[in-house]
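When we follow this note's numbering, the leftmost residue of the sequence shown carries the number 208, and every step to the right adds one.
Using N, Cα and C, we set each Cβ at its ideal position, and we do this for glycine too.
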Amino acid sequence: MGARDKGRYVEVALNIPVFREFTYSIPEELQGRLALGSQVTVWFHGRRTKGFVVRFLEHTDVPKERIRGILAFDPHLPPLPPRLLLFAKRLAETYACSWGAALEAALPGSLKRKNVRTVQGVDLVMTQDEALELSEELEEKREKQARILRHLLELCPPVPLRTLLQRCGVSKSPVDTLVRQGVLKMVRLPLEDEFLEQSKREVAPRHELSEAQERAVDKVLASVACGENRTFLLHGVTGSGKTEVYLRILEEVREKGRGAIILVPEISLTPQTCGRFLSRFPDVAVLHSSLTDATRARQWLRVARGDARIVVGARSALFAPVKDLGLIVVDEEHESSFKQQQVPRYHAREMAVLRGELENAVVVLGSATPSLESWQRAQDGFYELVELPKRVGGGRMPRVLVEDMRREKPYKGRPPVISKRLEILMSERLRVREQVLLFLNRRGYSPVLFCNLCGETLQCPNCEVSMTWHSARGRLVCHYCMREMRHPDVCPTCKASRPVTLGAGTERVEDWVRRRFPEAVVARMDSDTMARREMYEKVLGAFRERQIDILIGTQMIAKGLDFPDVTLVGVVAADVGLFQPDFRASERTFQLLAQVAGRAGRGEKEGLVLFQTMNPASPAIEKASRMDYRGFVEEERTHRRMLFYPPFSRLVRIIVESLDAQEGRKRIDALTGELRALQPSEDFDVLGPAVAPLARIRNRYRFHSLVKCRTQESFVEIRRRLAPFEAKKTRKLRFLIDVDPVSML
Ligand code: ADP
Ligand code: ZN
208 MGARDKGRYV
218 EVALNIPVFR
228 EFTYSIPEEL
238 QGRLALGSQV
248 TVWFHGRRTK
258 GFVVRFLEHT
268 DVPKERIRGI
278 LAFDPHLPPL
288 PPRLLLFAKR
298 LAETYACSWG
308 AALEAALPGS
318 LKRKNVRTVQ
328 GVDLVMTQDE
338 ALELSEELEE
348 KREKQARILR
358 HLLELCPPVP
368 LRTLLQRCGV
378 SKSPVDTLVR
388 QGVLKMVRLP
398 LEDEFLEQSK
408 REVAPRHELS
418 EAQERAVDKV
428 LASVACGENR
438 TFLLHGVTGS
448 GKTEVYLRIL
458 EEVREKGRGA
468 IILVPEISLT
478 PQTCGRFLSR
488 FPDVAVLHSS
498 LTDATRARQW
508 LRVARGDARI
518 VVGARSALFA
528 PVKDLGLIVV
538 DEEHESSFKQ
548 QQVPRYHARE
558 MAVLRGELEN
568 AVVVLGSATP
578 SLESWQRAQD
588 GFYELVELPK
598 RVGGGRMPRV
608 LVEDMRREKP
618 YKGRPPVISK
628 RLEILMSERL
638 RVREQVLLFL
648 NRRGYSPVLF
658 CNLCGETLQC
668 PNCEVSMTWH
678 SARGRLVCHY
688 CMREMRHPDV
698 CPTCKASRPV
708 TLGAGTERVE
718 DWVRRRFPEA
728 VVARMDSDTM
738 ARREMYEKVL
748 GAFRERQIDI
758 LIGTQMIAKG
768 LDFPDVTLVG
778 VVAADVGLFQ
788 PDFRASERTF
798 QLLAQVAGRA
808 GRGEKEGLVL
818 FQTMNPASPA
828 IEKASRMDYR
838 GFVEEERTHR
848 RMLFYPPFSR
858 LVRIIVESLD
868 AQEGRKRIDA
878 LTGELRALQP
888 SEDFDVLGPA
898 VAPLARIRNR
908 YRFHSLVKCR
918 TQESFVEIRR
928 RLAPFEAKKT
938 RKLRFLIDVD
948 PVSML
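Below, the structure is given as structure tokens:
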């Protein structure tokens, strides 16, 4: 329990980009009722704002007339525990945000509306045909409204408002307009929590541990037993049974009466995963963004009150107020989705290690392809390396073939989507009724629309990126601002020729497969087809029951899926992402390929994997094809050390986004110049300023600089200097300070 109030004043941390707390007095009626970590409502600059009590004061130097009283306090909300307050403070210091902003992340937003039983939805007033017709009419002048109608039809109305807005990338106002015009109506949709119900139906047998699993468990348990803080890096190949290792450690932690947090990447947080934990422990809470607000709030309160001691969740579950936290697991620790892209821009893996320290807990980072950061720390002895080198249950690692697509016979003058060899392998599998996964990390039909005559590609009017052709929707789509356009009849630049598609996305692969294997049952899984969570679960269920022969998908199918009858995995283009202007491009490609390959042959039958590539000699592809993790990291580490990239430095990236290009450039120049002038300059390198690889998004021009800090002192100093900048944003100009960035675009 937090200390009850011992003073007449409190300091409150507010979720604003200002790096201090504010003093308020405790009114008579709240005396004796507040605790450290209580959420309170206060006045701030003429607005009611929520914040957290972080300190009690007997006296204050703030003049009496300037002090206001606390307005309100919700007695039903348990206060955040003191160690969580401290954790948030340290996180805020690391990622250059305010304490209040970090604390806000600790509380699921839904708690504010915890009694709601329905969600806001949108439904059509007219028939579907009429709506389709109207969307055609609106397309030229009211593109956003047309887009909304089209997506509503795709999703089958009624649709939750939040889902619709996210998918269309629009604000609520065009929806409101359509409501006013009598085209749409707002409805209340009942909350459904299929997710938890489904999870509860999953069962996980308690396996006899393999020798390697046993050794791993014992090593970690030695630390659990003496209650020390220690971080382990569990490097286990795909299918080596890492989850069973987590479960056994959990048993022991629970035995000792302590709690645990299991972090899983959002994308792998399926009922299957949750079910493994739910079926083995009675007191698991699931924190997941796809839960309804009410359920999430209930789950959070169970944890805060100590009724649930184990939390399974995505990134933000790291803030769960678990009592006496004894264990934190970060599964698939290499995943970049553990980094939050908005304030607070924390990296959940790094912060798991910090929270472990503060709570005196054991931390286990697990992966088949650990991040270079974690690997280096294990090499340096900060983490203890534990390995599972083999698959469990006598399973073998799959065989990987590399297909050089440069040698493939062209089809209509261009390289084919699927090579002859992959085609043959697929038909063999289909004949013996085994399952096939086809992976391509690019959705849509084709990523580029290109003019043969003048060589121009079609760009988004709002962004400096090419638009992707989506044939099912019959529109070009910008994957950054969601703007949609029709296929132009003639090239907008030279007006002489009709642009053609270039390159392949998942839609095109599906098209090819359906034509070539009309008798096969085919499904595609990407964020276009899986807009509603239910569809995702349905397709996975059907695939598990072998009602689907060929599953095509983006990274949605690359990770965590455990289907024993998949014996062939085809990677349509192993090079996607390899040439991104990002120093981690190679690492990510390796990780993704190794993970995808790991989906093959997880049962008794041997698995086969085929990488199609134009760059067979690239280290990422070559090493992934031999499942040579160590070989890859050794080579990659050499590059990183030479160029002074992580894990050999810590990065701070500064991004300026401005509606006015000149203003943006001026600001980044000034800011970068200031950093360059800092001393001692040998402690850090400043790269830039430069135009960001994504040079314009939603009409904002983007510039960036990168600071590589060689010493902890310079890292602290640079963050301190930059921290106030985010607060200087205006409608036209934004500063983003990204500490430990995972995206360089
Ligand atoms: P990883 O996460 O390492 O890729 P999983 O934890 O998904 O692997 O385990 C792969 C499969 O092996 C799962 O179906 C799991 O139930 C099973 N499994 C785990 N441990 C054992 C074991 N000791 N013996 C047999 N099967 C096991
Ligand atoms: Zn765009």
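Query raised in the report: CB P285 to CB R503, shorter than 7 Å?
Result: no
Report task. Say yes only if the C-beta of Y687 is nearer than 6 Å to one or more non-hydrogen atoms of ligand 2, and no if none qualify. Result -> yes
Query - CB contact check: L683 to chain D, cutoff 7 Å - result: Structure shown: chain D not included; a single protein chain is present.
Query raised in the report: Does at least one heavy atom of ligand 1 sit under 6 Å from the Cβ of H541?
Result: no
Query - Opposing strand residues paired with M732 [DSSP bridges] - result: G760
Report task. Could you please give the first and the last residue of the uninterrupted beta strand (DSSP E) stretch that includes P900? Result -> F891 to I904
Query raised in the report: G466: beta carbon under 6 Å from a heavy atom of ligand 1?
Result: no
Query raised in the report: Do you know offhand how far E451's Cα is from R413's?
Result: 8 Å
Query raised in the report: Expressed to the nearest angstrom, what Euclidean distance is found between the alpha-carbon atoms of V410 and A727?
Result: 30 Å
Query - Span separating the alpha-carbon of L291 from that of A313 - result: 8 Å
Query raised in the report: Just checking my contact of K915 with F891 at CB under 8 Å: how many whole Å lie between their CB atoms?
Result: 6 Å
**Report entry** For G276, the residue or residues it bridges with in DSSP
**Finding:** S232
Report task. Please find out if some non-hydrogen atom of ligand 1 comes closer than 6 Å to the beta-carbon of T450. Result -> yes
Query - Cα-Cα separation between R649 and S856, rounded to whole angstroms - result: 31 Å
Report task. Leaving out five residues on either side along the sequence, give the residues of the same chain with a beta carbon under 6 Å from the beta carbon of N906. Result -> N669
Query - Helix, strand or coil at S574 according to DSSP, with G and I counted as helix - result: strand
Query raised in the report: Quick one: what does DSSP say P478 is sitting in, helix, strand or coil?
Result: helix
Query - L368 to R387 span [Cα, whole Å] - result: 16 Å
Query - Neighbour-count burial assignment, L494, 16 or more Cβ in a 10 Å radius - result: buried
Query raised in the report: Going by alpha carbons, who is nearest to G258 out of K271, T267, L243 and D268?
Result: L243
Query raised in the report: Which residues does DSSP pair with P367 in a beta bridge?
Result: G328
Report task. Would you kindly check if the distance between the Cβ of L637 and the Cβ of L775 is under 7 Å? Result -> no
**Report entry** Cβ-based neighbour list, F839, same chain, cut-off 6 Å, excluding 5 preceding and 5 following
**Finding:** F797 and K830
Query raised in the report: Grouping DSSP H, G and I as helix and E and B as strand, with all else coil, what is Q586?
Result: helix
Query raised in the report: Hey, quick one: how far does the alpha helix (DSSP H) through P289 stretch, first residue to last?
Result: P289 to T301
Query raised in the report: Straight-line CA distance for I944 to L592?
Result: 33 Å
Report task. Report, in whole angstroms, the separation of the C-beta atoms of L645 and V716, which I expect to be a contact under 8 Å. Result -> 6 Å
Requested in this report: Please name the residue or residues paired with G443 in a DSSP beta bridge.
Outcome: L595
Query raised in the report: Quick one: does the C-beta of C670 sit closer than 6 Å to a heavy atom of ligand 2?
Result: yes
Query raised in the report: Can you tell me the Cα-Cα spacing of T370 and F750, whole angstroms?
Result: 25 Å
Requested in this report: Compare the beta carbon distance of L498 and F402 with 7 Å and say whether it is the shorter of the two.
Outcome: yes
**Report entry** Residues of its chain near N659, where Cβ-Cβ distance is below 7 Å and the 5 sequence neighbours each way are ignored
**Finding:** S704 and V707
Report task. Measure the C-alpha to C-alpha separation of V946 and A575 and round it to an integer number of angstroms. Result -> 26 Å
Query raised in the report: CB-CB under 6 Å to A827, same chain, minus the five flanking residues each way: which ones, in chain order?
Result: S793, T796 and F797
Requested in this report: Have a look at S678 and Y652 and give me their C-alpha separation to the nearest angstrom.
Outcome: 6 Å
**Report entry** ligand 2 heavy atom lying under 6 Å from the CB of C667
**Finding:** yes
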